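Peer 1: For reference, the structure I am asking about is given below.
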């Protein structure tokens, strides 16, 4: 392992998943794989993207001609360990293919444009790998609460970082593009919320409606709330796109955060018992 990676790993573990320097504001996880030839465990910090209940990682290798070593390892042994800063858990790695891979890589490249440059700089197709938590079957309602908890934690971290920037309190010697990285982090969170709501509307809500017809008015109301949140989210993304002042970004982020928190609370009160009963 390089000294560079080791320093990032140590900082990540010491600060609950937060790191400074060139990766400040970049969503990271520590991915531990088993060496394909050696059988030894190797830990690597990798950029990630949350997608509902799974985490996506990208074998970009900064656009190098060959896949990174960690990718070869997980192909040989898909059992990996994931550290998020808040928790550590076993997971199963699955490379994605075709249209799903293309759409998710495009989403990451929109959030972090360097990934578009990485793909343009190599003839290989950069793999997108989904990490699925290994666990015993968990009740669907508890799963919803866990997804909401992860989003709440990310939102709290973004709010704190933008508040510091608006108040002129960024980290010591911040990189010149700190504001741009915060915008990317905000866009990543917005994309996560959108994907989560799409999953609810496409899978969760129809399942509940078939099983519990009496819930249909409640589910319709939540669908309307999704539309309201989508409008607020779109306005916020437009504000980010025009590089508005930190104060303006913070005001709109607080509005979005308040609506999301209230929506999550209502969903958990009304839907968790029904989902757990499934």
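Numbering (the UniProt record's numbering), first residue to last: 1 to 278. Where a beta carbon is used, it is the ideal one built from N, C-alpha and C, also for glycine. The model shown is predicted, which means the values in this text are computed figures rather than measured ones.
(1) Excluding five sequence neighbours on each side, which residues of the same chain lie with their C-beta closer than 8 Å to the C-beta of residue 75?
(2) Following the continuous alpha helix (DSSP H) through residue 228, name the residue where it begins and the one where it ends.
(3) Mind checking whether residue 19 and residue 28 have CB atoms under 9 Å apart?
(4) Taking only three categories from DSSP, how would you classify residue 55?
(5) For residue 22, does the count of other Cβ atoms within 10 angstroms reach 16, so buried, or fall short, so exposed?
(6) Taking C-beta to C-beta, are residue 113 and residue 59 nearer than 9 Å?
(7) Does DSSP classify residue 160 as helix, strand or coil?
(8) Can you tell me where the beta strand (DSSP E) with residue 31 in it begins and where it stops?
(9) Do residue 69 and residue 42 have their beta-carbon atoms positioned less than 9 Å apart in this structure?
(10) Do you know offhand how far residue 245's Cα is from residue 236's?
(11) Could you spell out where the alpha helix (DSSP H) holding residue 100 opens and where it closes?
(12) How would you call residue 198, buried or exposed, if buried means at least 16 neighbouring beta carbons within 10 angstroms?
(13) Contact check, residue 162 vs residue 253 under 8 Å by CB: the rounded distance?
(14) Going by beta carbon distance, what residues of the same chain come within less than 7 Å of residue 175, once the five residues before and after it are set aside?
Peer 2: Let me spell this out:
(1) 36 and 95
(2) Unbroken alpha helix (DSSP H) run through residue 228: 216-241.
(3) yes
(4) DSSP places residue 55 in strand when its eight states are reduced to three.
(5) exposed
(6) no
(7) DSSP places residue 160 in helix when its eight states are reduced to three.
(8) 28-34
(9) yes
(10) 12 Å
(11) Note, residue 100: alpha helix (DSSP H), 98-111.
(12) exposed
(13) Rounded, the Cβ-Cβ distance is 6 Å, consistent with contact.
(14) A caution first: residue 175 carries a pLDDT of 45, below 50, which makes its placement in the model too unreliable to give a value.
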